[in-house]
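Novice: Residue numbers (this note's numbering): 403 to 552. Think of the CB as a built atom: it goes at the ideal place given N, C-alpha and C, for glycine as much as any other residue.
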Amino acid sequence: MKTANKVLWNESLKVGHIDLDGQHRLLIELINSFFDIVIDGTNTGPKKLEELEHYIHHHIDYEEGILSKLKYSDLTNHQMAHSELTSIVSDVTNRLLYLTNVDEQIDLINNLQNFWVTHIKTCDHLFKQNISNLNSTSTSIKNVLPKKVA
Ligand SMILES: [Fe+2]
Ligand SMILES: [Fe+2]
Numbered sequence: 403m404k405t406a407n408k409v410l411w412n413e414s415l416k417v418g419h420i421d422l423d424g425q426h427r428l429l430i431e432l433i434n435s436f437f438d439i440v441i442d443g444t445n446t447g448p449k450k451l452e453e454l455e456h457y458i459h460h461h462i463d464y465e466e467g468i469l470s471k472l473k474y475s476d477l478t479n480h481q482m483a484h485s486e487l488t489s490i491v492s493d494v495t496n497r498l499l500y501l502t503n504v505d506e507q508i509d510l511i512n513n514l515q516n517f518w519v520t521h522i523k524t525c526d527h528l529f530k531q532n533i534s535n536l537n538s539t540s541t542s543i544k545n546v547l548p549k550k551v552a
């Protein structure tokens with residue numbers, strides 16, 4: 403079986419904003435959880451994929467709102483990177499729903515995790531300085547999670 407390259411949250415991923423770091427961390431953990439889902443063969447995948455897309459859209463809207471408030475000069479490029487990110491997530495989620503080969507599923511999730519971590523470490527880290535003094539007043543992403551389906 404292919405290796406699941408789970409990513410552990412660490413200092414090098416932080417952008418220095420409590421909510422954005424919390425959201426990035428949750429998203430990494432959610433993607434990590436897909437490895438267990440495909441390896442265990444449980445049928446919770448579709449529901450989790452829906453949650454992932456929901457979190458990603460929430461995170462992107464929230465992050466772009468902050469960057470807009472900061473009048474971040476590279477906002478347009480960042481929005482383009484987000485657009486690419488959402489289309490990759492959508493492509494991966496569609497393919498994961500239909501793939502039955504575990505190695506192919508693990509490859510897809512590895513790619514998704516790499517893409518996500520790379521976005522944080524490159525694009526998001528570009529605004530680290532701009533954001534460092536901004537105080538957050540938002541609530542946690544947990545407040546916008548979809549209600550659990552029994
Ligand atoms: Fe971003
Ligand atoms: Fe981000």
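Roughly how many angstroms separate the alpha carbons of T478 and I490, rounded to a whole number?
Specialist: If you take the alpha carbons of T478 and I490, they lie about 19 Å apart.
Novice: Regarding L469 and ligand 2, is the C-beta to nearest heavy atom distance less than 7 Å?
Specialist: Checking every heavy atom of ligand 2 against the Cβ of L469, none is found closer than 7 Å.
Novice: Using a Cβ-based criterion (distance less than 7 Å to any ligand heavy atom), does H461 qualify as near ligand 2?
Specialist: Result yes, Cβ under 7 Å from ligand 2.
Novice: State yes or no: is the C-beta of E465 nearer than 7 Å to some heavy atom of ligand 1?
Specialist: Yes, the beta carbon of E465 sits closer than 7 Å to at least one heavy atom of ligand 1.
Novice: Here's a check: name, in chain order, each residue in its chain whose Cβ is nearer than 7 Å to the Cβ of S538, leaving out the five neighbours to either side.
Specialist: Low confidence applies here, because S538 scores a pLDDT of 46, under 50, leaving its location unreliable; read the following figure in that light. Excluding residues within five positions, the ones whose Cβ falls inside 7 Å are H419, I420 and D421.
Novice: Count the other C-beta atoms from every protein chain shown that fall within 10 angstroms of the C-beta of E465, then say buried if there are 16 or more, exposed otherwise.
Specialist: Buried.
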